[in-house]
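Enquirer: First to last, the protein sequences are chains L and G. Number 1493 in the numbering used here belongs to position 470 of the first sequence; there are no gaps in the numbering. Number 140 in the numbering used here belongs to position 130 of the second sequence; there are no gaps in the numbering. Sharing a structure here in structure tokens format.
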Amino acid sequence: MSVKHDSLLEVDNVSKGFPGVQALKKVSLQLKKGEIHGLVGENGAGKSTLVKIITGAYKQDDGIVKFFKNSEGISIKDPIEAQKFGIAAAYQHLTIVPEISIGENFFVGKLPLNKMGVVNWEQVYSKSKKILQEYNINLNPRTKINRLSVAQQALVTIIKATLQDPYLVIFDEPTAHLSNEQSEMLYNLIFRLKEKGIGILYVSHYIEEVMELCDRITVLKDGRLIDTVGVDDVNENKIMEMMVGRKIEEMYDLNTCPKEEVLRVEDFSKNNTFQNISFSLKKQEILGFFGLEGAGRTEVMRSLFGADKREKGQVFLEGEEIFIDTPEDALNHGIGLIPEDRMTQGLALPLSTSDNINMSSYDSITKFGVLNLKNAVERAKEFIKKLDIRTPSFKTKVEKLSGGNQQKTVIAKMLCRELDVLIFDEATTGVDVGAKVEIYRIIERLINEGKSIIFISSYLPEVIGISDRIVVMSQGQIVGIIDAQEASEEKLLKMASKIPKKENFHG
Amino acid sequence: MAKQYSTAEENSAINKFNEYIVPFFKTPEGTLILVIFIISIALSIVTDSFLTTYNIFNLFRQSTVLGLIAIASLIVIISGGIDVSVGAIAGLTAMNLAIFLGVFSYPVFLSVIFAILIGTGAGLFNGIIIHETRMPSFIATLGTMTIMQGAIKLLSGGRTVSGLPGSFTSIGMIDIFGINIFLYIWMFFILLTWVIIKYTKFGRNIFVLGSNMEVAKLSGINLRKTTYLTYSFAGFLCSISGILLTLRLFSAVPTGGQGYNLTGIAAAVIGGASLKGATGSVQGAVLGTLLVMLIRNGGVHIGITPFVMEVITGALIIIAVALDTFRKTD
């Protein structure tokens, strides 16, 4: 290529595979000096993998990544080297220490000393104040990071990243936690960086945002490069088509026939997390929940399940109001949850498969205070067979199982209880395609047994394919509930990318 | 090369050894049995006074107080916490018991019941602080330990309380089939705890809690109830230990139980309990106790001064924690 003069970064035919999935297939990308380059695609399109390869966190299987600080291309081995080289990834919250002040965070590792060899705090805070003012951010530099809101923390993290005199800054979903006003601040910050000739790679779901901010946009889908286009040559719909462009596969065809209402959620609200959430679930229905990261779907479900508190909202089960304060209450009312992250929320990793399957339901096999271990083992074996959990033995520690089999163990744990409503939160992420199909079959069987399902998913073909109706959320609010038959990937994405006007929701 | 010439039987014997014997001695319990065995043989050879019926029974009898505290520590460690107030609870129980008996002259049965209630209550208090404030268990129990150690001195006026009635002190002298009652009591609580850990919902729940609190919560486990029960049960075991301590000394001292706070934890950890939670066994805690007491007893027979024994006990704690780390990094 002969674009060396204004290129900062060239990614050339990069491929990367993980066990069971080819995350990137021959992707190329070129970033110019002073350019804001958007990187878009659905969840699982390979954006994060590409970012991790650029920052050196992953090593590509094939292809070349070259940086042009001077005229010669340089390859990078790991994130530390990347940082030294001037590549700042603003998504890395690790770079900020929550227990110390904003000012100390800005100067950590290079705190100014006075003649006595003692830290000159006056200077730290006056300089920090200046930096904050430069970006029109009205915060006291003496404030500790953990006293800031998530959004403020994000802004401070981003500013810190820019202090290291970078020449390329990567933003990965930076506005997920920001209000509209704070997003404006961020955009100003980004334009300032651009003026300095710094290259910016901006990863986002929000198409409107990318269209407004970026010079060029690269679209990925299923690990492949679709195209790189200039914003002036396209419109939002065109980008959306590029992101979607795929037919729903047959594997999602489940037989369902929703009946009368079984569960109704009314007016759930929690401060900055979600507002005015109301929806109902019918018997033997699969109700999909779609939204982009940070839309609040998981938080609503955790609150429904009693895992988190909320400010207001009621739950009705078969017409009668029920009160759920803890997950224990929810399970007793017949509501179960397969949580988002099986490793940290679903499984007791050091314990056996049998222990994990049984741990929600010891009451049903306890007599006079004593557990019937034989029943526990029988039940574990039964579910291992029924859900086809591939494990050497019921005694095998669950941490040794593959992702799909771990997920089926979490499902088995819930199925040991008498449940009417089961919430699946991103149940098919990180499991291989075979296990995915098996999970769909389990869901189909549950529906036939008369149960009702809430299915949170960020994968469009999946959520459209298996749901009867789809609730779409954006920034903590429901922006629409549509029939799956009328839904298209384009339509859902457009709804989910909408930024709801917050002031309308107080009236 | 030699392997080629060995017979099939020899091979199967070697296989069996590799398959069953070697892995057993690699478990914490197996290693401990081996270490205890080797030290015992060495002591029997080096001294005449170690391998006597009197000394062996005495060693077991002396182990009971620490033995019960080690099991109490174990329960808390499995649940993912740590309780440094276990010895103080035993000391508080012992002092109250001595005062009920020696000063107030309450009946023996009633005094024992009150003492158990005080110890169990102290444990419950730990559980309440830890669950309701989400304070690290180490900090919470460090506080209650200090409170209780102060309370013991306040109650006793800093003096030893003795003059306990014979109807009480004679209990400690009871032998059944030539074996002292202390050992039956220890054995009973070892079995009880083993059954609770293995065969009750509470027992299984503490493993889940110890492996990941969020997982426990989302699995519908009642965190409050489980935490309260864990620390109450630990307090209950410590109160039994405090009663045995009083029986052994015929009195209660203002510093009672102080040496047991950390030694109890050490014994549990030597026995394979992981401070990261969800790992540990009653058998291990019992063997850990025996090793600690064996080393102390052996020191007396070889003629090492108590001050050196303190140093050795300290080293043992370090070895215990190092073992925990090595097991984790394996």
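Even glycine gets a Cβ: it sits at the ideal position worked out from N, Cα and C.
1. Pick from 1322(L), 1170(L), 1243(L), 1214(L): whose alpha carbon is nearest that of residue 1125(L)?
2. Please report the straight-line C-alpha distance between residue 78(G) and residue 199(G), rounded to a whole angstrom.
3. Scan the region 214-231 of chain G for residues whose Cβ lies nearer than 8 angstroms to a Cβ of chain L and list them as they occur along the chain.
4. Output the distance between the C-alpha atoms of residue 1005(L) and residue 1471(L), rounded to the nearest integer angstrom.
5. When you compare only the Cα positions, how much space is there between residue 95(G) and residue 85(G)?
6. Excluding sequence positions up to five away, which residues of its chain have a Cβ less than 8 angstroms from the Cβ of residue 1129(L)?
7. Give a yes or no on whether 8 angstroms exceeds the smallest Cβ distance from residue 1350(L) to chain G.
8. Which residues, in order along the region 1411-1443 of chain L, keep a beta-carbon less than 7 angstroms from a beta-carbon of chain G?
9. Counting only Cβ pairs nearer than 8 angstroms, list the residues of chain G close to residue 1208(L).
10. Name, please, each residue of chain L whose Cβ falls closer than 9 angstroms to the Cβ of residue 210(G).
11. Run the CB neighbour count on residue 321(G), radius 10 Å, all protein chains shown included, and call it buried at 16 or more, exposed below.
12. At a CB-CB cut-off below 9 angstroms, which residues of chain G make contact with residue 1362(L)?
13. Any C-beta of chain L sitting closer than 8 angstroms to the C-beta of residue 288(G)?
14. Out of curiosity, what's the CA-to-CA distance linking residue 107(G) and residue 161(G)?
15. Please classify residue 1136(L) as buried or exposed, where buried requires at least 16 neighbouring CB atoms within 10 angstroms.
16. Name the residue from 1476(L), 1195(L), 1076(L) whose alpha carbon lies nearest to the alpha carbon of residue 1309(L).
17. Expressed to the nearest angstrom, what Euclidean distance is found between the alpha-carbon atoms of residue 1224(L) and residue 1049(L)?
18. Answer with buried or exposed for residue 1510(L), where buried requires no fewer than 16 other C-beta atoms within 10 angstroms of its C-beta.
19. Report the rounded CA-to-CA distance for residue 319(G) versus residue 44(G), giving the unit in angstroms.
20. Count the other C-beta atoms from every protein chain shown that fall within 10 angstroms of the C-beta of residue 1116(L), then say buried if there are 16 or more, exposed otherwise.
21. Per DSSP, which one or two residues make a beta bridge with residue 145(G)?
22. Can you name the residues of chain G whose CB is closer than 9 angstroms to the CB of residue 1558(L)?
23. Can you check DSSP and say which residues form a bridge with residue 1179(L)?
24. Should residue 1367(L) be flagged as near chain G, meaning a C-beta pair shorter than 8 angstroms?
25. Counting only Cβ pairs nearer than 7 angstroms, list the residues of chain G close to residue 1139(L).
26. What residue from 315(G), 93(G), 289(G), 163(G) has the CA that sits closest to residue 133(G)'s CA?
27. List, in order along the chain, the chain G residues whose C-beta lies closer than 7 angstroms to that of residue 1382(L)?
28. Counting C-beta neighbours from all protein chains within 10 Å, is the total for residue 265(G) 16 or more, i.e. buried, or is it exposed?
29. Pick helix, strand or coil for residue 1443(L), following the three-state DSSP scheme.
30. For residue 1331(L), would you say it is in contact with chain G, using Cβ-to-Cβ distances shorter than 8 angstroms as the test?
31. Which of helix, strand or coil does DSSP assign to residue 1341(L)?
32. Determine the direct distance from the alpha carbon of residue 1449(L) to that of residue 1481(L), and round the result to whole angstroms.
33. Expressed to the nearest angstrom, what Euclidean distance is found between the alpha-carbon atoms of residue 1395(L) and residue 249(G)?
34. Relative to the alpha-carbon of residue 1434(L), which residue among 1363(L), 1420(L), 1337(L), 1235(L) has its alpha-carbon at the smallest distance?
35. Quick check on residue 1270(L): does DSSP put it in helix, strand or coil?
36. Using beta carbons (cut-off 8 angstroms, strictly below), is residue 1378(L) in contact with chain G?
Expert: Judging by the given coordinates:
1. Among 1322(L), 1170(L), 1243(L), 1214(L), the Cα nearest to that of residue 1125(L) belongs to 1170(L).
2. When rounded, the distance between both Cα atoms is 8 angstroms.
3. Residues of the region 214-231 of chain G with a Cβ closer than 8 angstroms to any Cβ of chain L, in chain order: 214, 215, 217, 218, 221, 222, 224, 225, 226, 227, 228, 229, 230, 231.
4. This structure cannot settle anything about residue 1005(L), because the visible part of chain L is limited to 1024 through 1530.
5. C-alpha separation (whole angstroms): 13 angstroms.
6. Excluding positions up to five away in sequence, the list reads 1147, 1150, 1151, 1154, 1164, 1182, 1183, 1186.
7. Yes, contact with chain G.
8. Residues 1436.
9. Going along chain G, no residue has its Cβ under 8 angstroms from residue 1208(L), so there is no contact; the nearest lies around 33 angstroms.
10. Neighbours of residue 210(G) on chain L, chain order: 1385, 1389, 1392, 1393, 1394.
11. Exposed, because fewer than 16 other Cβ atoms sit within 10 Å of the Cβ of residue 321(G).
12. The CB of residue 1362(L) comes closer than 9 angstroms to the CB of 224, 225, 228 in chain G, given here in chain order.
13. Closer than 8 angstroms to some Cβ of chain L, the Cβ of residue 288(G) qualifies, so yes.
14. Between the alpha carbons of residue 107(G) and residue 161(G) lies a gap of roughly 14 angstroms.
15. By the neighbour-count rule (16 or more Cβ atoms within 10 Å), residue 1136(L) is not buried but exposed.
16. Here the closest residue by C-alpha is 1476(L).
17. Linking residue 1224(L) to residue 1049(L) through their CA atoms gives a straight-line distance of about 19 angstroms.
18. Result: buried.
19. So the alpha carbons of these two residues sit roughly 22 angstroms apart.
20. Residue placement at residue 1116(L) is poorly supported in this model, since its pLDDT is 49, which falls under 50; the coordinates are not used for a value here.
21. Paired residue(s): none; residue 145(G) is not in a bridge.
22. There is no way to answer for residue 1558(L), as the model of chain L reaches only from 1024 to 1530.
23. DSSP, once it has assigned bridges, lists no residue as partnering residue 1179(L).
24. Using a Cβ-Cβ cut-off of 8 angstroms, residue 1367(L) counts as an interface residue toward chain G, since at least one Cβ of chain G sits closer than that to its own.
25. Neighbours of residue 1139(L) in chain G, taken as residues whose beta carbon is under 7 angstroms from its own, are absent, since the nearest beta carbon is some 35 angstroms off.
26. Here the closest residue by C-alpha is 93(G).
27. Under the 7 angstroms cutoff, chain G gives 214, 218, 229.
28. Flag for residue 265(G) reads exposed.
29. Under the three-state reduction of DSSP output, residue 1443(L) falls in the coil class, being neither helix nor strand.
30. Not closer than 8 angstroms to any Cβ of chain G, the Cβ of residue 1331(L) fails to qualify, so no.
31. Coil, per DSSP.
32. It is roughly 7 angstroms from the alpha-carbon of residue 1481(L) to the alpha-carbon of residue 1449(L).
33. It is roughly 30 angstroms from the alpha-carbon of residue 1395(L) to the alpha-carbon of residue 249(G).
34. Cα-wise, what sits closest to residue 1434(L) is 1363(L).
35. Below a pLDDT of 50, predicted positions are generally treated as unreliable, and residue 1270(L), at 40, falls in that range; the measurement from the model is reported next regardless. Coil.
36. When Cβ-Cβ separations below 8 angstroms define contact, residue 1378(L) makes contact with chain G.
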